[in-house]
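Report on one structure; see the data block that follows.
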Amino acid sequence: MKVASFRARVLAVVRRIPAGRVATYGDVAELAGHPRAWRAVGSIMRDCRDPATPCHRVVGAAGTLGGWSAGNLQLKGELLREEGVVVTTRRIRGFRDIRWRRLSRRHR
DNA sequence: CTGCTGACTGGTA
DNA sequence: GTACCAGCCAGCA
Numbered sequence: 002m003k004v005a006s007f008r009a010r011v012l013a014v015v016r017r018i019p020a021g022r023v024a025t026y027g028d029v030a031e032l033a034g035h036p037r038a039w040r041a042v043g044s045i046m047r048d049c050r051d052p053a054t055p056c057h058r059v060v061g062a063a064g065t066l067g068g069w070s071a072g073n074l075q076l077k078g079e080l081l082r083e084e085g086v087v088v089t090t091r092r093i094r095g096f097r098d099i100r101w102r103r104l105s106r107r108h109r
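FYI, in my numbering the residues of the first sequence are 2 to 109.
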């Protein structure tokens, strides 16, 4: 079967992230079929300006907001907070608990 | 085709 | 907890 470009795949995954939850670049990469392509995921997010793609739900593995090229990084935190995510100046509160694909076991 | 960069991650100090 | 280093993949010049 035909597989869309990695880019389209990543975007599709991001759109599947429910509101109020967040996913790491690694998670998105894994869901996209390339668990080791988080680097590329970041590049794709950077170029992603599609309003239908909640790129703000994609955060760093440490619970950091990561980056934001669509505007101020602070705005990203505002968007997440609007969905019910508690975000501090540079970290997400309870990141582990709201993380999409929650870790059933501790430490992968 | 070759090489570099990047909204990253994990490990070590 | 923070800081630095090396590894990894896809996209672009």
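Virtual Cβ for every residue (Gly too), placed ideally from N, Cα, C.
Values in this document were obtained by computation on a predicted structure and should not be read as measured data.
Residue closest to residue i, alpha-carbon to alpha-carbon, out of the options
i: residue 91; options: 14, 52, 68 and 101; result: 68
i: residue 10; options: 98, 70 and 35; result: 35
i: residue 20; options: 58, 33 and 12; result: 58
i: residue 53; options: 95, 17 and 76; result: 17
Through-space distance from residue j to residue i, alpha-carbon basis
i: residue 48; j: residue 85; result: 26 Å
i: residue 42; j: residue 55; result: 14 Å
i: residue 27; j: residue 61; result: 8 Å
i: residue 70; j: residue 40; result: 16 Å
i: residue 74; j: residue 4; result: 33 Å
i: residue 83; j: residue 6; result: 31 Å
i: residue 51; j: residue 8; result: 13 Å
Beta-carbon spacing of residue i, residue j below 9 Å
i: residue 30; j: residue 22; result: no
i: residue 93; j: residue 66; result: yes
i: residue 78; j: residue 88; result: yes
i: residue 32; j: residue 102; result: yes
Residue i - containing alpha helix (DSSP H), residue span
i: residue 10; result: 7-16
i: residue 84; result: Looking at the DSSP string, residue 84 is not in any alpha helix (DSSP H), and its letter there is neither H nor E.
i: residue 97; result: 96-99
i: residue 39; result: 39-48
i: residue 20; result: From DSSP, residue 20 is part of no alpha helix (DSSP H); its letter is neither H nor E.
i: residue 51; result: Element bounds for residue 51: n/a, residue is neither H nor E.
i: residue 32; result: 26-33
Assumed close pair residue i, residue j - CB separation to whole angstroms, cut-off 8 Å
i: residue 100; j: residue 13; result: That pair is no contact at about 19 Å.
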